[in-house]
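Asks: Please see the structure below; I have some questions.
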Amino acid sequence: MGIFDRYQSTDETIKKYLKQLWEYQEAEADLMVEIATLLYEDGAIDDAVGFLEKSVDIYHELGLFEQEASILDLIGDLYMNMGENTTALKYYRKCHQICTTKDLPIKEDVFNKIQELEELQQTATKISSKSEMKTSTSSFDEDSYSEIFDEGFSEEIEKVDYEEIGSKLDDIIALLDEYAVYGSYQKFDNPMAHIKEAIEMSRSISDDKGEAGLILIMGDISLKKEETEKSLDYFQQSLKIFRKIGDNKGEAISRLMVGTAYFLLGETDEGSTYLRDSMEIIKFLHDDKMEKAAMALLKSIYG
16 MGIFDRYQST DETIKKYLKQ LWEYQEAEAD LMVEIATLLY EDGAIDDAVG FLEKSVDIYH
76 ELGLFEQEAS ILDLIGDLYM NMGENTTALK YYRKCHQICT TKDLPIKEDV FNKIQELEEL
136 QQTATKISSK SEMKTSTSSF DEDSYSEIFD EGFSEEIEKV DYEEIGSKLD DIIALLDEYA
196 VYGSYQKFDN PMAHIKEAIE MSRSISDDKG EAGLILIMGD ISLKKEETEK SLDYFQQSLK
256 IFRKIGDNKG EAISRLMVGT AYFLLGETDE GSTYLRDSME IIKFLHDDKM EKAAMALLKS
316 IYG
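Going by the working numbering, the first residue of the sequence shown is number 16, and it counts up by one from there.
Set out below in structure tokens:
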């Protein structure tokens, strides 16, 4: 009987160690998510996604499907905020498959995101077709608009007139609601310092719209200094906030800015996507001033 007691004791010890290992692995995955959060806040997006991917693998191995789905959804959000909609869709679909199989509570929310991105992709496809553009009811010259997109991005960037483009961006930003308040900060000798203070104030009173407008102006100022990568970061931050609060005009303007920055950095495919999406939003806003300002910007980009 003593022999069997020994086997029973060994079995219980293994179970104990396996339970501890499971807990350590879960804690490791949780820690990776925390690290990813800090990396994202520092702007290290690729590293953040890498840690999130590792946490997904661990959650999957442990059978923690709700955590796995949650992180896949988060990665999708990160890519969507960066404008990489195709990649975002890939993660949302993985997430939705798990949610459907396990009947998780975020299922409907993820499904709505998938629908939104699929509709956006369909819209972009329509815009790229000249025949679709000619049947549109937009008020601006759509033949010219289509020609710009069809031909402009195939050309090499030889010389960039930052002053001219900056002037066109000013005209577009001036169309923001309450711009009279936002724009006054550009008149200071050290506008960035004053704008940063204003942003902190906006955050303290939960004024998301004001914060987004101010960040957009920071991007505009940075672009005029030819600090294009920094301006892109500001424009993307602004876009994220405008999307969150459902401000279509702010989103359209931010997408124009992001697209312009990508174009100036030589990343013309990314720039094309943002500019097309922006023009589609503008078309449905029926805002003649914005349409004209946007077309002037496009023409200054392509020369």
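We put the beta carbon where it would ideally sit given N, CA and C, even for glycine. Bear in mind that the values here come from a model prediction, so they are computed numbers and not experimental data.
1) State the Cα-Cα distance for the pair Ser-305 and Leu-313, rounded to the nearest angstrom.
2) Contact between the region 36-55 and the region 74-94 is defined here as three or more beta-carbon pairs at a separation below 8 Å; is this criterion met?
3) With a threshold of 8 Å, are at least 3 pairs of Cβ atoms found where one atom belongs to the region 256-263 and the other to the region 225-232?
4) Is the CB-CB distance between Leu-67 and Ala-51 below 8 Å?
5) Look at Tyr-94 and Ile-86 and say whether their C-beta atoms are less than 8 Å apart.
6) Answer yes if the region 272-290 comes into contact with the region 121-130, meaning at least three C-beta pairs across the two stretches below 8 Å, and no otherwise.
7) Along the chain, where does the alpha helix (DSSP H) that runs through Asn-100 open and close?
8) Glu-179 and Ser-315: beta carbons closer than 8 Å?
9) Can you list, in chain order, the residues of its chain with a C-beta nearer than 6 Å to that of Lys-239? Leave out the 5 residues immediately preceding and following it.
10) May I have the straight-line CA-CA distance separating Tyr-32 from Val-71, to the nearest angstrom?
11) Apply the 10 Å Cβ neighbour rule to Gln-251 and answer buried if 16 or more other Cβ atoms are within range, or exposed otherwise.
12) Whose C-beta lies closer than 6 Å to the C-beta of Gly-91 among residues of the same chain, with five residues either side of it excluded?
13) Keeping to the same chain, check which residues put their C-beta closer than 7 Å to that of Ile-188; ignore five residues upstream and five downstream.
14) Leaving out the 5 sequence neighbours to the left and right, which residues in its chain are closer than 8 Å to Lys-69 when beta-carbon positions are compared?
15) DSSP state of Gly-78, grouped into three classes?
16) Give the straight-line distance between the Cα atoms of Ser-221 and Met-97, rounded to the nearest whole angstrom.
17) Given a cut-off of 8 Å on the beta-carbon distance, is the pair Lys-128 and Ala-311 in contact?
18) I need the DSSP call for Pro-120, collapsed to helix, strand or coil.
19) One question on the structure: do Ala-63 and Leu-190 come within less than 8 Å of each other, judged by their Cβ atoms?
20) Would you mind sorting Thr-283 into buried or exposed? The rule is 16 or more other CB atoms within 10 Å of its CB.
21) Would you kindly check if the distance between the Cβ of Gly-274 and the Cβ of Tyr-289 is under 8 Å?
22) Beta-carbon separation of Asp-185 and Lys-224 under 8 Å?
23) Between which two residues does the alpha helix (DSSP H) harbouring Met-272 extend?
24) I need the straight-line Cα distance from Ile-60 to Ser-246, nearest angstrom please.
25) Check for me: the alpha helix (DSSP H) holding His-209 runs from which residue to which?
26) What is the residue span of the alpha helix (DSSP H) that Gly-234 lies within?
27) So, for Ser-253: in the same chain, excluding its five sequence neighbours on each side, which residues have a beta-carbon less than 7 Å away from its beta-carbon?
28) Let me know the secondary structure DSSP gives Met-305 once reduced to three states.
29) Using CA coordinates, which residue listed in Ile-297, Glu-244 and Tyr-249 is at the minimum distance from Met-207?
Replies: With the structure as the only source:
1) Just to set this straight, residue 305 is Met in the shown sequence, not Ser. In a straight line, the C-alpha of Met-305 is about 12 Å away from that of Leu-313.
2) Segments in contact, yes.
3) Flag = yes, the region 256-263 and the region 225-232 touch.
4) Yes; because the gap between Cβ atoms is below 8 Å, this pair is in contact.
5) Taking 8 Å as the cut-off, the Cβ atoms of Tyr-94 and Ile-86 do not count as close.
6) Because the criterion of three Cβ pairs below 8 Å is not met, the region 121-130 and the region 272-290 do not touch.
7) Annotation: the continuous alpha helix (DSSP H) that includes Asn-100 extends over 100-117.
8) By the CB criterion at 8 Å, Glu-179 and Ser-315 fall inside the cutoff.
9) If we look at Lys-239 and ignore the five residues flanking it on each side, its Cβ neighbours are Gly-181.
10) Tyr-32 and Val-71: Cα-Cα distance of roughly 23 Å.
11) Counting Cβ neighbours within 10 Å, Gln-251 comes out buried, since at least 16 surround it.
12) Ala-103, Tyr-106 and Tyr-107, listed in sequence order.
13) Leaving aside the five residues that flank Ile-188 on each side, the residues in its chain whose CB is nearer than 7 Å to its CB run, in chain order, Tyr-194, Leu-231, Ile-232, Asp-235 and Ile-268.
14) Ala-44 and Met-47.
15) Of the three classes helix, strand and coil, the one that applies to Gly-78 here is coil, per DSSP.
16) C-alpha separation (whole angstroms): 23 Å.
17) The answer is no: Cβ separation not under 8 Å.
18) Shown here, Pro-120 sits in coil according to DSSP, grouped into three states, outside any helix or strand.
19) Against a cut-off of 8 Å, the Cβ pair of Leu-190 and Ala-63 comes out as no contact.
20) Classification for Thr-283: buried.
21) In this structure, Gly-274 lies closer than 8 Å to Tyr-289 by Cβ.
22) Not in contact: Asp-185 and Lys-224 (Cβ atoms no closer than 8 Å).
23) 263-279 is the extent of the alpha helix (DSSP H) around Met-272.
24) One C-alpha to the other measures close to 16 Å.
25) It spans 206-219 - the alpha helix (DSSP H) in which His-209 sits, taken as one unbroken run.
26) Note, Gly-234: alpha helix (DSSP H), 223-239.
27) Spatial neighbours of Ser-253 in its own chain (CB-CB distance under 7 Å, excluding positions within 5 residues in sequence) are listed in chain order as Ala-227, Ile-230, Leu-231, Gly-234 and Ser-269.
28) Reduced to three states, the DSSP call for Met-305 is helix.
29) By alpha-carbon distance to Met-207, the top candidate from Ile-297, Glu-244 and Tyr-249 is Tyr-249.
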